[in-house]
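Remarks on the structure that follows.
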Amino acid sequence: MDQQPPGDRAAAGSGVPTPTCYRHPDRETGISCTRCERPVCPECMVSASVGFQCPDCVRQGSGTGHHPAASRPRTLAGGSVTADPRLVTKILLGINLAVFLLVTVRPGLVGDLTLLGRAWDPSPPPGSVEGVAEGQWYRLVTSMFLHQEVVHL
């Protein structure tokens, strides 16, 4: 399949010089880009579904009719890839370290943050009940960040 436009076929037989690559003026070529019709040499041409394209047209878009954002990388769940994929891990480690240091400085906090389904507290007021069953839902989250020793971190 010839890549020259119909007007160039007649000119090629009439002694008109062959066009040169737009990026390499010293190289003659008979192939042109299917999008912009600029002549491209074999080194510059990029194979496309229909003919060849120049590197500039390939860089400008996918050429598939899709928006350029459609070719951005995605996670397995379909979300966009962030600048720092380990950000959530770093935040969780920071929270773990902060709670560990806080409990080390104030050991009394362990009792306030530990997961208790339902517990009877003998301290005043006598016979008080505490825990998740009594509406202290924060214990479900805070107990995840409690650690007994540095090795457990």
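All residue numbers for the sequence shown refer to my numbering, where the first residue is 2 and numbers rise by one.
Idealized CB from N, CA, C, for every residue including glycine.
Per the C-alpha coordinates, the member of R28, T143, Q149, V47 positioned closest to T105 is Q149.
Beta-bridge pairing by DSSP links E29 to T21. DSSP places A78 in no beta strand (DSSP E); its state is neither H nor E. When DSSP states are grouped into helix, strand and coil, Q137 belongs to the coil group. With 16 or more other Cβ atoms inside 10 Å of its own Cβ, P40 counts as buried. Non-local beta-carbon contacts of L103 in its own chain, meaning distances under 8 Å to residues more than five positions away in sequence, involve L110 in chain order. Comparing alpha-carbon positions, the option among R36, V47, P43 lying closest to T30 turns out to be P43.
Listed in chain order, the non-local C-beta contacts of V59 below 6 Å within the same chain comprise V47, local neighbours out to five positions each way being set aside.
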